[in-house]
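Numbering follows my numbering, in which position 41 of the sequence shown is assigned residue number 48; successive positions increment by one, without gaps.
Built from N, CA and C at the ideal position, the CB exists for glycine as well.
On a predicted model such as this, the values are computed, not experimentally measured, just so you know.
Comments concern the structure below.
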Amino acid sequence: QVQLVESGGGLVQPGGSLRLSCAASTSADIFRMAAMGWYRHGSGNQRELVATIYRGGTTDYGDSVKGRFTISRDNAKNTVYLQMNSLKPEDAGRYYCNRVTTTMWGWGQGTQVTVSS
């Protein structure tokens, strides 16, 4: 059973930055081959995929975060990151990481991001 542990959330003013981290307890080979994503569970009742990083390092972003968020990964540490800049109130929510696939791992506890002045 793979465990995902997210961290780095907090309260930030509009325009501020946060860096989220997600560590996966799986083998290095499995992590390295996985497309990983950051998901946001905001005020709506569903998780939204906001950023993806594929095994080769290619990235993809939701329209609402393009140019402001950067996803990266460190395969040596089984960790994926999300650098969030120029944060807006609508970026607030609980952020989770997981594979981007039809067979996801179990969800972690997520990390809360609050954007407020």
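- Taken atom to atom, the span from the alpha-carbon of residue 123 to that of residue 95 is near 8 Å.
- Rounded to whole angstroms, the separation of the alpha carbons of residue 64 and residue 70 is 19 Å.
- DSSP links residue 58 through a beta bridge to 45, 68.
- For residue 39, the enclosing alpha helix (DSSP H) stretches over residues 35-40.
- Measuring C-alpha to C-alpha distances from residue 80 to each of 120, 14, 28, 19 identifies 28 as the nearest.
- With at least 16 other beta carbons inside 10 angstroms of its own, residue 118 counts as buried.
- Short of 6 Å from the beta carbon of residue 49, and not among the five residues preceding or following it, lie these beta carbons of its own chain, in chain order: 100.
- The beta carbons of residue 107 and residue 42 sit about 4 Å from each other, so the pair counts as a contact at 8 Å.
- Residue 100: member of the beta strand (DSSP E) spanning 100-106, first to last residue.
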